[in-house]
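Single-structure report; data block below.
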Amino acid sequence: MSWLRGYFSRFERDFNLGLIVIFSMVLIFSGKAVSPVVSGLITSSLYKPFDLLKSHLLVLKGASLENDSLRQQLARAAVELSVCQETKRADYVWRSAQDRLSRQGELVPLSRYRLSPGRVTSVSHDGHSLPVRATIARTRGDSLYRDQPVVDQSGLVGRIESVTNAYATVQLLTDPSSRVAARVSSSREMGIVKYLPASGLVLENFLAQGTIKVGDTVLSSGLGGVYPAGLVIGTVVHVSLPKGNPFYNVEVEPAANFRSLEALFSLTPVAP
Amino acid sequence: MMKLIPFIIYILLISFHQVMLGDALAIYTARVDLSGLLVLMIAMYKPELVAAWFGFFAGLVVAAATPSASGWHALILGALGWTAFHVRQRLNIESPYARILVVLIGVLVHNALALVLSGSQQFLYSIAVNALPGSVYTTLLAGVVFLIADRRITYEKVKALF
Numbered sequence: 002m003s004w005l006r007g008y009f010s011r012f013e014r015d016f017n018l019g020l021i022v023i024f025s026m027v028l029i030f031s032g033k034a035v036s037p038v039v040s041g042l043i044t045s046s047l048y049k050p051f052d053l054l055k056s057h058l059l060v061l062k063g064a065s066l067e068n069d070s071l072r073q074q075l076a077r078a079a080v081e082l083s084v085c086q087e088t089k090r091a092d093y094v095w096r097s098a099q100d101r102l103s104r105q106g107e108l109v110p111l112s113r114y115r116l117s118p119g120r121v122t123s124v125s126h127d128g129h130s131l132p133v134r135a136t137i138a139r140t141r142g143d144s145l146y147r148d149q150p151v152v153d154q155s156g157l158v159g160r161i162e163s164v165t166n167a168y169a170t171v172q173l174l175t176d177p178s179s180r181v182a183a184r185v186s187s188s189r190e191m192g193i194v195k196y197l198p199a200s201g202l203v204l205e206n207f208l209a210q211g212t213i214k215v216g217d218t219v220l221s222s223g224l225g226g227v228y229p230a231g232l233v234i235g236t237v238v239h240v241s242l243p244k245g246n247p248f249y250n251v252e253v254e255p256a257a258n259f260r261s262l263e264a265l266f267s268l269t270p271v272a273p
Numbered sequence: 006m007m008k009l010i011p012f013i014i015y016i017l018l019i020s021f022h023q024v025m026l027g028d029a030l031a032i033y034t035a036r037v038d039l040s041g042l043l044v045l046m047i048a049m050y051k052p053e054l055v056a057a058w059f060g061f062f063a064g065l066v067v068a069a070a071t072p073s074a075s076g077w078h079a080l081i082l083g084a085l086g087w088t089a090f091h092v093r094q095r096l097n098i099e100s101p102y103a104r105i106l107v108v109l110i111g112v113l114v115h116n117a118l119a120l121v122l123s124g125s126q127q128f129l130y131s132i133a134v135n136a137l138p139g140s141v142y143t144t145l146l147a148g149v150v151f152l153i154a155d156r157r158i159t160y161e162k163v164k165a166l167f
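From first to last, the protein sequence lines are chains A and B.
So the number in our numbering is just where the residue sits in the first sequence, counting from 1, plus 1.
So the number in our numbering is just where the residue sits in the second sequence, counting from 1, plus 5.
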């Protein structure tokens, strides 16, 4: 046995190189006998896991694109639903109270608006607990401009504050300097929504003679020219009337979740 | 067994490159020839038989999708590893530029032979459009790997830049 080992160790190099050549020749000249088996083994053991990974990644990519599309559709549907509900309410109000008709006259049908999507790339808090500004990446073909209303699938988010070639900055409702002319959906009475760092989103200037209760939906009134009427701002969560105060203290839970801003949509008016 | 682990990782890397990474790293017609690169790198640092055997197995993995050519690919890459080792030995290559030149020629030869095997109709056109840019791209990658292997680029040096 030792002579065999010695023989192999002496000719180890030639033996190995010979084996490589022989194996290669077997694969070349065996036709369909050996090489498909070897290739099949390699494919099933080495290629298949990566192939599965690739197909899963492709599925995920497709799902992500579909998700974006669905999110846009959801936002559009939410805006349209909100407008329909607002139109229904306005219609009811117009029928029932002639004196309010003139105040509802400026309602803008949101079917006249096109939704341009924009992915949030960054948010800035400026020392506040909630973000006050969001930067969205512009997409090709959008037509963003200053003061354009911005929504997500839940409701109003803010307005465009500035625009560059690649990005747009959105002033969020949570910015203490932001103001939105608002209306309570049930009573149709108006106020101004602003954000106070201490108490959150509030509805100000809501007269003590007005009617408001917890659970009422607060909508944009359309006054002021920036936001169209009927966009959902939030829900009334607390109402109080301090003694001697001519206005209610109304706290509003925003419809949009400002802690998880992801995809926003700007409303671009289109010609009727 | 422990000595085999790096080579198993290289083989897995080649498989990963064949299935996914190749398309992601491709710049127009220039594709990284990872199998050629790894075989040549091993030939630069390891013994002759290791380079030849690794080339053989790398060839089998590269040509797994085309069983009829797997033997040729195995033979070509095995021969490439063996030749690169002897070029390194005979010319006593130490300089990174000389190694890069060996990689460029080796990858170009491998790409050209792969084109011959695939029965490319317009051979010279394919050489100019696919093989040459791919070889240059692979060589650039090899340059970076050599600089890292020779510790000319280290984490500390990169960190010091910033």
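Using N, Cα and C, we set each Cβ at its ideal position, and we do this for glycine too.
{"Check": "Distance CB(A/V219)-CB(A/A183) smaller than 8 Å", "Outcome": "yes"}
{"Check": "Chain B within 8 Å of A/D52, Cβ atoms only", "Outcome": "yes"}
{"Check": "Delimiting residues of the beta strand (DSSP E) encompassing B/S125", "Outcome": "Note, B/S125: premise wrong, no beta strand (DSSP E); not H, not E."}
{"Check": "Three CB pairs or more closer than 8 Å across the segment 74-93 of chain B and the segment 29-37 of chain B", "Outcome": "no"}
{"Check": "Supposed close pair A/T175, A/F266 - CB separation, criterion 8 Å", "Outcome": "So it is not a contact: roughly 18 Å between Cβ atoms."}
{"Check": "Alpha-carbon spacing of A/N250 relative to A/D143, whole angstroms", "Outcome": "39 Å"}
{"Check": "Within chain B, partners of A/N17 - CB distance below 8 Å", "Outcome": "L54, A57, W58"}
{"Check": "Within chain A, partners of B/P72 - CB distance below 7 Å", "Outcome": "S36, P37, S40"}
{"Check": "Separation of B/L26 from A/L20, as counted between CA atoms", "Outcome": "32 Å"}
{"Check": "Contact set between B/A154 and chain A, taken where Cβ atoms lie within less than 8 Å", "Outcome": "Going along chain A, no residue has its Cβ under 8 Å from B/A154, so there is no contact; the nearest lies around 25 Å."}
{"Check": "C-beta neighbour in chain A for B/G27, strict 8 Å", "Outcome": "no"}
{"Check": "7 Å Cβ cut-off: residues of chain A touching B/V24", "Outcome": "Y48, F51, D52, K55"}
{"Check": "Chain-ordered neighbours of A/R14 on chain B, where CB pairs are closer than 9 Å", "Outcome": "E53, L54"}
{"Check": "Chain-order list of residues whose beta-carbon lies under 7 Å from that of A/P243 (same chain, five-residue window excluded)", "Outcome": "N250"}
{"Check": "DSSP-derived helix/strand/coil call for A/H129", "Outcome": "coil"}
{"Check": "A/E254 to A/A78 span [Cα, whole Å]", "Outcome": "21 Å"}
{"Check": "A/P270 - containing alpha helix (DSSP H), residue span", "Outcome": "Counting along the chain, A/P270 falls outside any alpha helix (DSSP H), though it belongs to the beta strand (DSSP E) covering 264-270."}
{"Check": "Inter-residue Cα distance where the pair is B/K108 and B/A29", "Outcome": "It should be noted that the sequence gives Val, not Lys, for residue 108 of chain B. Cα to Cα, the separation comes out at about 22 Å."}
{"Check": "Any chain B beta carbon closer than 8 Å to A/I43", "Outcome": "yes"}
{"Check": "Contact belief for A/S187 with A/G159 at Cβ below 8 Å, rounded distance in angstroms", "Outcome": "Actually they do not touch by this definition, with Cβ atoms about 25 Å apart."}
{"Check": "Proximity to B/I16 [Cα-Cα], best of B/R93, B/A63, B/K8", "Outcome": "B/A63"}
{"Check": "Span separating the alpha-carbon of B/L166 from that of B/R156", "Outcome": "16 Å"}
{"Check": "Nearest-angstrom Cα separation, counted from A/L173 out to B/G111", "Outcome": "59 Å"}
{"Check": "Inter-stretch contact at 8 Å, needing at least 3 Cβ pairs: the segment 144-151 of chain B / the segment 87-106 of chain B", "Outcome": "yes"}
{"Check": "B/G124 to A/R120 span [Cα, whole Å]", "Outcome": "47 Å"}
{"Check": "Beta-carbon proximity list for A/H239, same chain, < 6 Å, skipping 5 on both sides", "Outcome": "E252"}
{"Check": "Helix, strand or coil at A/Y228 according to DSSP, with G and I counted as helix", "Outcome": "coil"}
{"Check": "Endpoints, beta strand (DSSP E) assigned at A/T170", "Outcome": "168-173"}
{"Check": "Where B/F21 meets chain D, residues with beta-carbon distance less than 8 Å", "Outcome": "The displayed structure is made up of protein chains A and B, and chain D is not among them."}
{"Check": "Pair within 8 Å by beta-carbon distance, A/G231 and A/E87", "Outcome": "yes"}
{"Check": "Cutoff 8 Å: B/I16 Cβ touching any chain A Cβ", "Outcome": "yes"}
{"Check": "Closest residue to A/T122 among A/P132, A/G128, A/P177 (Cα-Cα distance)", "Outcome": "A/P132"}
{"Check": "Partners in chain A for B/A147, counting only beta-carbon separations shorter than 8 Å", "Outcome": "The contacting residues do not exist; B/A147 stays about 23 Å from chain A at best."}
{"Check": "Residues in the segment 181-192 of chain A having any Cβ partner in chain B nearer than 9 Å", "Outcome": "none"}
{"Check": "Coarse secondary structure for B/F59, derived from DSSP in three states", "Outcome": "helix"}
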